[in-house]
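To start, the structure under review is shown below, and the notes come after it.
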Amino acid sequence: MKMSSKVYDVLKWLILIVMPALITLIAALGKIYGWDTTAITATIAAATTFLGVITSISSAAYGKGAEDENK
Numbered sequence: 336m337k338m339s340s341k342v343y344d345v346l347k348w349l350i351l352i353v354m355p356a357l358i359t360l361i362a363a364l365g366k367i368y369g370w371d372t373t374a375i376t377a378t379i380a381a382a383t384t385f386l387g388v389i390t391s392i393s394s395a396a397y398g399k400g401a402e403d404e405n406k
């Protein structure tokens, strides 16, 4: 399945900027307020990794399709 450019761009922004920033924010607030944030930060990191893999697979499939069309 190929993603549209808009979906790809939004996912890329989430994966590269928003999710890591959210993990950092939660971890920092947890340290300040004495919360155990291990579970939530690990969950967000796992989701970020999953989305990164899915996006990379879609990007590779898109690139392969473009190469095949140029032959």
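For the sequence shown, counting from 1, position 49 maps to 384 in my numbering; every step adds exactly one. Glycine included, every Cβ here is placed at the ideal spot set by N, Cα and C.
Backbone secondary structure at residue i - three-state DSSP
| i | result |
| --- | --- |
| G387 | helix |
| W348 | helix |
| S339 | coil |
| G369 | coil |
Per-residue burial, residue i [other beta carbons within 10 Å of its own, 16 or more giving buried]
| i | result |
| --- | --- |
| I367 | exposed |
Inter-residue CB distance, residue i and residue j (contact presumed, cutoff 8 Å)
| i | j | result |
| --- | --- | --- |
| I350 | T390 | 6 Å |
| L346 | L386 | 6 Å |
| M354 | I379 | 6 Å |
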